[in-house]
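J.: Below you'll find the structure I mean.
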Amino acid sequence: MSLTRRPDAYFRIVKGMVKEWRKINERNLRIAIKNLYKSKMVDFRENQDGTVLTILTDKGKKRILKYDIDKIEIKKPMRWDKLWRLVIFDIPEDKNLGRKALAAKLKELGFYPMQKSVFIHPYECKDEIDFIIEIFELSPYVRFLRVKDIDIELDLKERFHLR
Numbered sequence: 510m511s512l513t514r515r516p517d518a519y520f521r522i523v524k525g526m527v528k529e530w531r532k533i534n535e536r537n538l539r540i541a542i543k544n545l546y547k548s549k550m551v552d553f554r555e556n557q558d559g560t561v562l563t564i565l566t567d568k569g570k571k572r573i574l575k576y577d578i579d580k581i582e583i584k585k586p587m588r589w590d591k592l593w594r595l596v597i598f599d600i601p602e603d604k605n606l607g608r609k610a611l612a613a614k615l616k617e618l619g620f621y622p623m624q625k626s627v628f629i630h631p632y633e634c635k636d637e638i639d640f641i642i643e644i645f646e647l648s649p650y651v652r653f654l655r656v657k658d659i660d661i662e663l664d665l666k667e668r669f670h671l672r
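Going by the working numbering, the final residue of the sequence shown carries number 672, and the count climbs one at a time with no gaps.
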């Protein structure tokens with residue numbers, strides 16, 4: 510670990526990591542791994558001692574390379590498909606940090622906040638949103654919609670500089 514050269518700081522970091530690992534909900538972890546398996550992102554291999562190893566598939570490796578939470582961006586297509594992407598959420602109070610992080614990331618990506626928990630964007634971004642909500646562990650509380658008609662379309666077109 511090259512996070513620090515000072516031994517006292519090193520052990521403080523390791524202790525913090527152990528604490529975070531204990532917070533992981535085993536049921537949620539199993540569901541996440543099952544979903545990764547279904548989407549062919551991971552595979553399983555049985556070791557000689559009977560333990561099972563979860564390995565990243567080539568598809569999973571490509572996906573990891575494709576996304577970095579700090580560098581993620583929504584690509585602007587040559588032509589707009591005239592669909593609006595809405596991200597709506599109802600996140601419990603005990604996940605307040607995740608809610609704030611999600612809202613901040615959506616704004617950073619150029620989403621327009623229609624309400625505190627409703628954000629809109631004109632370009633395709635389903636994969637990016639799925640990735641973000643998995644990172645923030647908010648998938649049960651977030652919905653992604655593609656909408657053709659919206660009553661404030663003229664205002665939105667102006668905000669996003671669309672025709």
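For each residue, glycine too, the CB sits at the ideal point set by N, CA and C.
1. With DSSP as the reference, label I583 as helix, strand or coil.
2. Tell me which residues share the same chain as G569 and place their Cβ nearer than 6 Å to its Cβ, disregarding the 5 neighbours each side in the sequence.
3. So, helix, strand or coil for R554, using DSSP?
4. Any idea what DSSP makes of W589, helix, strand or coil?
5. For I564, which three-state DSSP category applies?
6. Helix, strand or coil: which one does DSSP assign to Y632?
7. What's the call for P631, buried or exposed, on a 16-neighbour Cβ count within 10 Å?
8. Reducing DSSP to helix, strand and coil, say where R608 ends up.
9. Would Y621 pass as a contact of R554 if the rule is Cβ separation under 8 Å?
10. With DSSP collapsed to three states, give me the class of F653.
11. Determine whether the beta carbon atoms of W589 and L665 lie at a separation below 8 Å.
12. Pick helix, strand or coil for I661, following the three-state DSSP scheme.
13. Verify whether the separation of the beta carbon atoms of I674 and I578 is less than 8 Å.
14. Out of R531, F653, D636, point me to the one whose CA is closest to E582's CA.
15. From the DSSP output, read off the bridge partner residues of Y621.
16. Between the stretch 650-660 and the stretch 592-602, do three or more beta carbon pairs fall short of 8 Å?
T.: Walking through what the data contain:
1. coil
2. M550, V551
3. strand
4. coil
5. strand
6. coil
7. buried
8. helix
9. no
10. strand
11. no
12. coil
13. An answer regarding residue 674 cannot be provided, because it is not within the stretch 510 to 672 covered by the chain.
14. D636
15. I629
16. yes
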